[in-house]
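Just so we're aligned: 11 in this note's numbering is position 11 of the sequence shown, and the numbers increase by one with no gaps anywhere.
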Amino acid sequence: MATVTDAPKASFRLSMLIYDTRYRSITIQIVVLLLFMAGAAWLVDNTVRNLAALGKDFSFGFLWNRAGYDINQMLVQYTNDSTHGRAMLIGLLNTLLVAFMSCVAATVLGVIIGVLRLSPNWIVGRLTTVYVEMFRNIPVLLWILVAYAIFTEVLPAPNAFRGENPTASMILFDSVALTNRYTAIPDPLFYRSLGNIDVGLFLISLDLLAIIAVITGSVLVNRKLLAHATAVQNATGVRPVTWWKSILVLLVPLALLLIALGFHAERPVLRGFNFTGGLDVSNSLMALWLGLTLYTAAFIAEIVRAGIGAVSRGQTEAAFALGLRPNRTMSLVILPQALRVIVPPLISQYLNITKNSSLAIAVGYMDLRGTLGGITLNQTGRELECVLLMMLIYLAISLMISGAMNVYNNSVKLKER
1 MATVTDAPKA SFRLSMLIYD TRYRSITIQI VVLLLFMAGA AWLVDNTVRN LAALGKDFSF
61 GFLWNRAGYD INQMLVQYTN DSTHGRAMLI GLLNTLLVAF MSCVAATVLG VIIGVLRLSP
121 NWIVGRLTTV YVEMFRNIPV LLWILVAYAI FTEVLPAPNA FRGENPTASM ILFDSVALTN
181 RYTAIPDPLF YRSLGNIDVG LFLISLDLLA IIAVITGSVL VNRKLLAHAT AVQNATGVRP
241 VTWWKSILVL LVPLALLLIA LGFHAERPVL RGFNFTGGLD VSNSLMALWL GLTLYTAAFI
301 AEIVRAGIGA VSRGQTEAAF ALGLRPNRTM SLVILPQALR VIVPPLISQY LNITKNSSLA
361 IAVGYMDLRG TLGGITLNQT GRELECVLLM MLIYLAISLM ISGAMNVYNN SVKLKER
């Protein structure tokens, strides 16, 4: 039997979707989602109708048609008889290559410049300030064009390296030749190669997979070694010496693998009017890489300087009081704490490098913009499909970079209860 203390249960009314705070937020989200879906449906329908009026359809079948054009720089096999889809793959790999190279080089240079900007030496501090202000206040496209002009106009021709008294000489132990046509570098080869795996789109080198596996294993073992040393230090107060063990773990397995594979570098040699052997890196790639690196490093330097400045000065004074040298203080005390401030804006700079790589078309480097968004688009007349594919690919790359960096950011951020 019901008692007088039992409150009647309120029945659900449609008005509660608007006036009840428990349901109002859900109602608003559903309405906004429906409006967005209606707008997207209208946009798609309008696009299809306009294409039909022009006698066109929406299809990606052109990706299996013959491309008919050459690409000067490629990481996997390609000829002008390959398909547009294959050309898109070449452009994508070229984009990833220059983005990866620029991210690594810009990070290293940016960290160095950012630390030097805080140097008590007046000359060093002013020179790094001039670098930052000069490079970040001039559009990156101009720096790419300047670098390309230097490579093509200032550097000597390949025949300048010929003769008993050549007017130009190779660098880095006579293994790299900088010319106005290309940069000739040594080609890594193996006498006892493990071969390749054909996955359809391209060949995967078993030698490269073995090297990556050994490096990964060495890094994991070294982390275990350092974790054990930290545990011993926490228990006894004395940290074991690990530097020579880390060197052995990181270098010896890789060196043994390279010896077993018969690793050697084929150096470029001038024969006739050009260099043979080795690898020929196009000047367009070098100019794009140099321009993106120098430009983005200026922004990364400011990020690093701000991150270091966010660390309390008391941390530095405490480290000096314990007898740590300035370089050890920076690497062990300041930078690890500054990473919490540095990493989030650093992600944006990596994304900017990836998107700015589309400026490669200005120097003739065939990246995704030059292949899919350039020659393929002009030949096939599939503007909507090509632009949509480029948008989706750049979005996917950006999301993967952001996701990977956010995982790293979570590992270095301050842990709170």
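Ideal Cβ positions, reconstructed from N, Cα and C, are used throughout, including at glycine.
Cβ-based neighbour list, residue i, same chain, cut-off 8 Å, excluding 5 preceding and 5 following
{"i": "I401", "result": "I347, Y350, L351 and T354"}
{"i": "M1", "result": "The predicted position of M1 is uncertain, since its pLDDT is 49 and thus under 50; a value taken from the coordinates is nonetheless stated next. If we look at M1 and ignore the five residues flanking it on each side, it has no Cβ neighbours."}
{"i": "F273", "result": "P158 and N159"}
{"i": "W289", "result": "V98, M101, S102 and A105"}
Own chain residues within Cβ distance below 6 Å of residue i, not counting five before or after
{"i": "F202", "result": "V76"}
{"i": "T293", "result": "S102, A105 and A106"}
{"i": "S175", "result": "P186 and R267"}
{"i": "S82", "result": "A67"}
{"i": "Y458", "result": "The structure shown does not extend to residue 458, since the chain spans only 1 to 417, so no value can be given for it."}
Residues sharing a beta bridge with residue i, DSSP
{"i": "S169", "result": "Its beta-bridge partners do not exist; DSSP assigns none."}
{"i": "F190", "result": "F263"}
{"i": "I90", "result": "Answer is none; I90 lacks a bridge partner."}
{"i": "A177", "result": "A184"}
Per-residue DSSP class, three states only, for residue i
{"i": "I185", "result": "strand"}
{"i": "I397", "result": "helix"}
{"i": "R22", "result": "helix"}
{"i": "V76", "result": "coil"}
{"i": "D280", "result": "strand"}
{"i": "N121", "result": "coil"}
{"i": "D45", "result": "helix"}
{"i": "N356", "result": "helix"}
{"i": "R162", "result": "coil"}
{"i": "R305", "result": "helix"}
{"i": "N327", "result": "helix"}
{"i": "I197", "result": "strand"}
{"i": "R13", "result": "coil"}
{"i": "R66", "result": "strand"}
{"i": "M1", "result": "Any answer about M1 is weak, because its pLDDT of 49 lies below 50 and its placement is not dependable; what the coordinates show is given next. Note: M1 maps to coil in three-state DSSP."}
Residues near residue i in its chain [Cβ-Cβ closer than 7 Å; skip 5 each side]
{"i": "L160", "result": "With the sequence shown as reference, residue 160 is identified as Ala, and Leu is not the correct amino acid for it. Closer than 7 Å at the Cβ level, and outside the excluded window around A160, lie P166, T167 and A168."}
{"i": "L155", "result": "L178, T179 and N180"}
{"i": "L118", "result": "R305 and I308"}
{"i": "P344", "result": "N409"}
{"i": "F275", "result": "P158, A177, A184, P268 and V269"}
{"i": "K245", "result": "L225"}
Inter-residue CB distance, residue i and residue j (contact presumed, cutoff 8 Å)
{"i": "A319", "j": "V333", "result": "5 Å"}
{"i": "R162", "j": "L270", "result": "6 Å"}
{"i": "L389", "j": "L372", "result": "6 Å"}
{"i": "H264", "j": "L189", "result": "6 Å"}
{"i": "V84", "j": "N72", "result": "The sequence shown places His at residue 84, not Val. Contact flag wrong, Cβ pair sits at about 17 Å."}
**Study point:** Uninterrupted beta strand (DSSP E) stretches inside the stretch 200 to 274 (no shorter than 3 residues)
**Key:** Complete beta strand (DSSP E) runs here, min 3: 203 to 205, 263 to 266 and 269 to 271.
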